[in-house]
Amino acid sequence: MPIGFDIFLWLGPRVTITRLMAPVLKDMQTLSTDAGQAIVDPQILADFWQNFNLFNLARTFPLGVFSLMSNNLASQSPLGMRTSWEASSPLIAIGIWLALTLLGWLLGSLYFASVAHVAVPGNAPVTFSRAALHGMLFSSLWAAMALIVGIPFIFFLGVLTLINPTVTLLVILFFLFIAASLFPPIYFSSYGIFSDGQNVLRSLWSGVRLTRYGMPAITLFTLVTLVISQGLDFLWRIPPANSGLTLVGIFGHAFISTGLLAASFIYYHEMNAWIESATRWFNNKRVVTN
């Protein structure tokens, strides 16, 4: 699945919003001229939005198909200029964004379920329909939480920046520290859906319990996984997007990322088995002592 997804983002058509963003970019350039300086170069933003592809939004989080080309902004491929379609109105752009988000969650749920079925074959098989339903509910829950927390936080940072930019930087660093500490339970919070057939709330609790009893080891495993994945991504992205060698990077990325996902499912399964065994031993010992 990652190979087909990346090949589509590499060679397939693009949906752009260049015309919709033109008035916004013009206003930003006017404001930066009046202020005498700009936080971000308007030309950089113009180049970004000119090449931005709405199809890249199909790479969703926390569930989604792993992709090397989701950051690809190139308008050319080895086959020549890519076909581009322009979203004619904000309503159409928002509709495409929502549709691609739902599609990304659905494909991600099926991808995770397929890998879990192969990595942990001893467990009772989870139907794709159940995995898709609870996977999309899980993603919707995290998206709602991100909006509830993120929107007020962004406004708070904006006001704080006007008062004291230095304090804003300290707040951002503190927020990043909190986010890093929450990453392991979030990382494993969906695994129960695909490996054990759990519902959303039960899977969330399993992820929290897993990190509660094995935080140091789980943090190390998560860190090693991220270093391997992101480090090799730099290697896979060396060939330019208009080179045929990009196909080597796509295959390499798909192999490594799927292998790491399978390893994480095995690790999740073994850690849960160890926790269950340790809990039973502790309870039996407490009964004997009493």
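Its first residue numbered 9, the sequence shown is counted upward by one per residue in my numbering.
Using N, Cα and C, we set each Cβ at its ideal position, and we do this for glycine too.
Keep in mind it's a predicted model, so treat the numbers as computed, not measured.
So the candidates are the options; which of them puts its Cα closest to the Cα of residue i?
i	options	result
Arg245	Ile258, Gly166, Val134	Ile258
Tyr215	Pro192, Gly205, Pro247, Pro224	The sequence shown places Gly at residue 215, not Tyr. Residue Pro192 is the option with its Cα nearest to Gly215.
Gly205	Thr26, Asp241, Ala140, Ser251	Ala140
Lys34	Gly20, Leu178, Trp57	Trp57
Ile11	Val32, Thr68, Val73, Thr24	Val73
Leu108	Leu118, Glu94, Ser137, Arg67	Arg67
Pro98	Leu28, Gly112, Pro129, Val123	Leu28
Glu278	Phe60, Ser189, Ile104, Gly200	Gly200
Ile269	Gly116, Leu149, Phe136	Checking the sequence shown, residue 269 turns out to be Leu, not Ile. Closest option to Leu269, Cα to Cα, is Gly116.
Asn59	Val175, Pro224, Phe69, Asn80	Asn80
Val14	Pro70, Asn64, Leu165	Reading off the sequence shown, one finds Asp at residue 14, where the question assumed Val. The candidate whose alpha carbon is nearest that of Asp14 is Asn64.
Ser148	Ser189, Gly103, Phe182, Phe69	Phe69
Ala225	Leu111, Tyr276, Gln84, Val23	Tyr276
Asn207	Ser83, Arg138, Ala281	Arg138
Please classify residue i: does DSSP put it in a helix, a strand, or coil?
i	result
Gly88	strand
Arg288	helix
Val3	Beyond the ends of the chain as shown, which are 9 and 298, falls residue 3; an answer cannot be given.
Ile194	helix
Val216	helix
Pro248	coil
Val232	helix
Ser83	coil
Asn207	coil
Gly267	helix
Val175	helix
Val5	The structure shown does not extend to residue 5, since the chain is modelled only from 9 through 298, so no value can be given for it.
Leu253	coil
Phe60	coil
Ala43	Because Ala43 sits at a pLDDT of 49, beneath the cut-off of 50, its placement in the model cannot be relied upon, and the point is left open.
When the distance is taken between beta carbons, is residue j closer than 8 Å to residue i?
i	j	result
Trp18	Met77	yes
Ala121	Phe202	yes
Phe146	Ser211	yes
Ile274	Leu218	no
Ala95	Leu62	yes
Ile264	Leu240	yes
Trp105	Met144	no
Ser92	Pro21	yes
Asn250	Pro86	yes
Val175	Leu168	yes
Val134	Thr266	no
Can you tell me which residues form a DSSP beta bridge with residue i?
i	result
Glu94	Thr24
What is the residue span of the alpha helix (DSSP H) that residue i lies within?
i	result
Ala66	Unbroken run through Ala66: none, as it is neither H nor E.
Val157	136 to 171
Gly12	10 to 19
Phe2	The requested residue 2 does not occur in the structure, where the chain is confined to residues 9 to 298.
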